[in-house]
Amino acid sequence: MLKRLGCTLVLPLLACLQAVPGSAEPRPAAVRATGGRILVETLAPDANVVKGRLVFSTVNEEIRPAKTVRISNTGTGTLQVNSLSLGQSLDIVNAVAGRSKDHTREEDFILVDPPALPLALAPGAFYDLAVQYAPQRPATLHSSGQPTHTKDGESYAALTIASSDPKAAAVVVGLAGINAYDFEGNNENSLAEIARAFGWTTDIGSEKGDIGGQKTLMGDEVYSPYWLRADTSRPVLLWPLARYSGRSDGAGGSQRWEAKAGSGGNLYQFAGRDQDDSPEGWEVPGSDDLSGGENQKVLLKILPFNSGSYSKTNTVPSQDAVDFKPSAAFSLKNTGGGSSTDDSLNGAEQLHNWRLYPVRDGNGQLVANTWLAAQDNGIDGEFTKNFDYNDAVFLLTNAKPEQAELDPAVPAAAPGAAAVKLYFSSTYTGTLTDNNGDTLGFTDVQLNGQDGYTHSASYRPDLLDLTRGDPGTLKVTTTEGTNEGDSNSLVNGLQLKFDGRNTKFKVSARLLGPLSQINIPNQRAGIMLGPNQDNYLRLTASARSNGSLALQFVFEHKGEPVYVGSSVYIRDPDKLQYLELFLLGDPNAAQVQAAYRAVYTTGEDSGQVALATPVTLVGGQVGHFFAAQSKAGIFTSSKDAPAITITYDNFAVRAN
């Protein structure tokens, strides 16, 4: 018998158990002399990947087997479970704009034959609560330009378990389900939707089903052909997360690791209909049949490779079936498609068959040495090659890029360090250069949509001119490229990395006057802070339609720019000696405040003036902006307007 529990108010004390491998897991309260002590656990395969969270998948609203939440009493006295309630997901803070209703879908989850309450558990006893995903709305496909690939295809809720344990009166288990519109092709859930189901805020770079197969970085992606074992005392693990591939009768999708120099080893493959593990072959919905084996689902079973052959027994993954111990650099490979993480081994027609992303938790914080590895097999031009990168999706743990500079967890310089204070007066070894080969101090540019893995299109040294002095100056001539909205064509968005996690900081730049040349709309110059062209904050001096000069504070999130507060007009730009711009970051408050200082040739000095409206970051935005490698830099553009030249005499990131 199935019973639905209505939504009740989530209790004020929440002990959230959601975590991922490598993150800080909640510690149980100290053992008390008497009384019950609650422990809430999810079981494998969910527990292999996320703690305190159940992740479901289905196609066409098919109801698939239930999963288990185990409620245990680890105390010395009786534990009383008082209520079980379904309510709004804690993930709502990371909802896609326009899709917050996906996080209030408690009606899509069923507690199967829940116990009579209150439930008394003796010391050492446990109760297994079955939870089932039964989506109550049909999934469809969004049209182009909509916020997600699948419409009504994601469901999130929270299961709150209230008990007599005074130190954990209410424990929350996250519930997530993805429902594909139909089998195969463009009908499947997108990679962004799959990642979100696990509670991660990793930026995939696109919500589309087809995210493109060119050798271009997407979102948080890191391209590293080869990887290293991060902790050599522990194995590397490759947990299967999802598989959305062509349905088949036979096994397939064989996974392997390859040593950079030497051999590697097979890990496992996935069952087809021939390896059906239901007793009679057809009567268990979603077991292996309609999906074509371990396919069109998340957290699937595997056929491990042992003693020279693949097992015929379809099993829930265990660590010893997904681990390997490389002694040096290694790559990942799908043996059936010949697909390697090293693009140079795949041939010209296979393009970019893997994308690897650092896993970020619900606050955007990096989970150490943990990666979302997404695969799209096949040869370009074949009907099976659609660049959705959900053919097989894995969680790669205890791994890091072979080149340390590619690892976003490696801390950059602290605010105030010499490397992040540029007066254009020194030689900055190993940094970008201007039209004469002089080093600028900036280490990179904000990549644009025409770039590959490096700044092939977004960097033009011929438009940069550094004059050393005390201080020196850097002249930047604008282009029509811009990073506003979906244009992603900015050129010479020069930037530095710094450690923005722990202390308040001030990003600043001084634009030398006069600034009367900024007089046609879309002529802009200023500073910016943020991870990439679709997610950043900028403060720019911009021309308005009447030719006046105004400061605009803009927050762009997932390619959607929002103008923060009102524009601030700067009078007499022709009399400016300099205009100093500031972005003040407070990682503890998750807030960024814009400010400026206008100094005139007449001697008038405005002092530092804060703009009225700060930006408060939430959820996954926080860890992306306040990161071990936060990014800040200068910005110029003249889209649909004549080019202008802006002169900077310093750029710095200081402790504030």
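In mature numbering (1 follows the signal peptide of the UniProt record, and there is no 0), the protein residues as written are -24 to -1, 1 to 632. Beta carbons: idealized from backbone N, C-alpha and C, even for Gly. The model shown is predicted, which means the values in this text are computed figures rather than measured ones.
Alpha carbon of residue i to alpha carbon of residue j, nearest angstrom
| i | j | result |
| --- | --- | --- |
| Lys607 | Gln471 | 6 angstroms |
| Leu30 | Val148 | 11 angstroms |
| Val7 | Pro384 | Confidence at Val7 is low in this model, with a pLDDT of 40, below 50, so its placement is unreliable and the value that follows should be read with caution. Answer to the nearest angstrom: the Cα atoms are 39 angstroms apart. |
| Val386 | Phe306 | 20 angstroms |
| Val292 | Thr54 | 33 angstroms |
| Gln379 | His125 | 34 angstroms |
| Ala389 | Ala628 | 12 angstroms |
| Thr430 | Gly445 | 30 angstroms |
| Ile546 | Lys482 | 21 angstroms |
| Glu580 | Ala574 | 8 angstroms |
| Leu450 | Leu527 | 21 angstroms |
| Thr458 | Ser524 | 21 angstroms |
| Gln190 | Ile494 | 37 angstroms |
| Pro123 | Tyr199 | 26 angstroms |
| Arg40 | Asp158 | 15 angstroms |
| Thr311 | Asp196 | 26 angstroms |
| Ser320 | Gln326 | 10 angstroms |
| Ala96 | Ala152 | 28 angstroms |
| Ala631 | Gly406 | 24 angstroms |
| Thr(-17) | Leu87 | Residue placement at Thr(-17) is poorly supported in this model, since its pLDDT is 31, which falls under 50; the coordinates still yield a value, given next. In a straight line, the C-alpha of Thr(-17) is about 14 angstroms away from that of Leu87. |
| Lys277 | Asn290 | 6 angstroms |
| Gln584 | Lys301 | 56 angstroms |
Beta-carbon gap between residue i and residue j smaller than 8 angstroms
| i | j | result |
| --- | --- | --- |
| Ala603 | Arg477 | yes |
| Tyr554 | Arg486 | yes |
| Gly609 | Phe474 | no |
| Val57 | Ile137 | yes |
| Gly185 | Glu160 | no |
| Gly535 | Asp462 | yes |
| Asp89 | His600 | no |
| Ser139 | Leu93 | no |
| Asp550 | Pro497 | no |
| Asn49 | Pro111 | no |
| Leu347 | Ala375 | Checking the sequence, you will find Trp at residue 347 rather than Leu. Going by C-beta atoms, Trp347 is nearer than 8 angstroms to Ala375. |
| residue 641 | Asp22 | The displayed coordinates of the chain run from -24 to 632. Any statement about residue 641 would go beyond what the structure contains. |
| Thr317 | Gly595 | no |
| Ser239 | Gly229 | no |
| Ala368 | Leu167 | no |
| Asn248 | Gly284 | Per the sequence shown, residue 248 should be read as Gly rather than Asn. Contact: no. |
| Gly541 | Ala517 | no |
| Val421 | Ser434 | yes |
| Gly268 | Gln251 | no |
| Gly175 | Asp67 | yes |
| Ser484 | Gly425 | no |
Sequence-distant residues of the same chain with beta carbon closer than 7 angstroms to residue i, five excluded per side
| i | result |
| --- | --- |
| Asp78 | Ala71, Glu130, Ser131, Tyr132 |
| Arg81 | Ser131, Tyr132, Ala133 |
| Thr192 | Asp427, Gly428 |
| Asp410 | Leu416, Pro437, Leu440, Asp441, Leu442 |
| Asn345 | Gly(-3), Ala206, Thr373, Asn374, Ala375, Lys376 |
| Ala586 | Gln569, Ala571 |
| Asp141 | Gly12, Arg13, Ile14, Leu55 |
6 angstroms Cβ shell around residue i - same chain, five flanking residues per side excluded
| i | result |
| --- | --- |
| Tyr512 | Met504, Gly506, Glu532 |
| Asp104 | Thr44, Arg46 |
| Leu371 | Val25, Trp215, Leu217 |
| Thr454 | Thr612, Ser613, Ser614, Ala619, Ile620 |
| Tyr202 | Lys236, Ala305, Ser307, Glu378 |
| residue 640 | No information on residue 640 is available, as it lies outside the stretch -24 to 632 that the chain covers here. |
| Ser33 | Ile154, Lys273, Val274 |
| Tyr333 | Thr178, Asp196, Glu197, Leu348 |
| Asp207 | Asn374 |
Residues of its chain near residue i, where Cβ-Cβ distance is below 8 angstroms and the 5 sequence neighbours each way are ignored
| i | result |
| --- | --- |
| Gly448 | Tyr399, Phe400, Ser401, Leu442, Asp625 |
| Pro537 | Glu460, Gly461, Val530, Phe531 |
| Ala73 | Pro123, His533, Lys534, Glu536 |
C-beta neighbour in chain E for residue i, strict 8 angstroms
| i | result |
| --- | --- |
| Gly195 | Judged by its chain identifiers, the structure shown contains no chain E, having just a single protein chain. |
**Prompt:** Do the stretch 392 to 401 and the stretch 332 to 342 meet, that is, are 3 or more Cβ pairs less than 8 angstroms apart?
**Reply:** Counting C-beta pairs closer than 8 angstroms gives fewer than three between the stretch 392 to 401 and the stretch 332 to 342, which falls short of the contact rule.
**Asked** When the Cβ atoms of the stretch 117 to 126 are set against those of the stretch 43 to 51, are three or more pairs found closer than 8 angstroms?
**Response** When Cβ pairs closer than 8 angstroms are counted between the two stretches, the stretch 117 to 126 is seen not to touch the stretch 43 to 51, the count staying below three.
**Item:** Every unbroken alpha helix (DSSP H) inside the stretch 186 to 254 [4 residues or more]
**Value:** Qualifying alpha helix (DSSP H) stretches: none in this window.
**Request:** Specify whether the stretch 10 to 21 and the stretch 244 to 253 touch according to this definition: at least 3 beta carbon pairs, one from each stretch, less than 8 angstroms apart.
**Result:** Taking 8 angstroms as the limit for Cβ pairs, the verdict is that the stretch 244 to 253 does not touch the stretch 10 to 21.
**Message:** Counting beta carbon pairs with one atom in the stretch 557 to 568 and one in the stretch 614 to 624, are three or more of them shorter than 8 angstroms?
**Reply:** With a cut-off of 8 angstroms, the stretch 557 to 568 and the stretch 614 to 624 do not count as touching, because too few Cβ pairs lie within range.
**Request:** Report the residue ranges of all beta strand (DSSP E) runs contained in full by the stretch 49 to 131; include only those spanning at least 3 residues, in chain order.
**Result:** Here the runs fully enclosed are 55 to 63, 85 to 88, 95 to 97, 102 to 109.
**Prompt:** Which residue spans inside the stretch 269 to 311 form an unbroken alpha helix (DSSP H) run of at least 4?
**Reply:** If only uninterrupted alpha helix (DSSP H) runs of at least 4 residues are considered, those enclosed by the stretch 269 to 311 are 295 to 298.
**Length at least 4, wholly inside the stretch 322 to 370: the alpha helix (DSSP H) runs in chain order** = Within the stretch 322 to 370, complete alpha helix (DSSP H) segments of at least 4 residues are not found at all.
**Request:** Identify every run of the alpha helix (DSSP H) within the stretch 505 to 576, keeping only runs that are complete inside it and at least 4 residues long; order them along the chain.
**Result:** The qualifying runs do not exist here; there are none.
**Request:** Enumerate, from N- to C-terminal direction, the unbroken beta strand (DSSP E) stretches of 3 or more residues contained entirely within the stretch 583 to 630.
**Result:** Runs found: 606 to 614.
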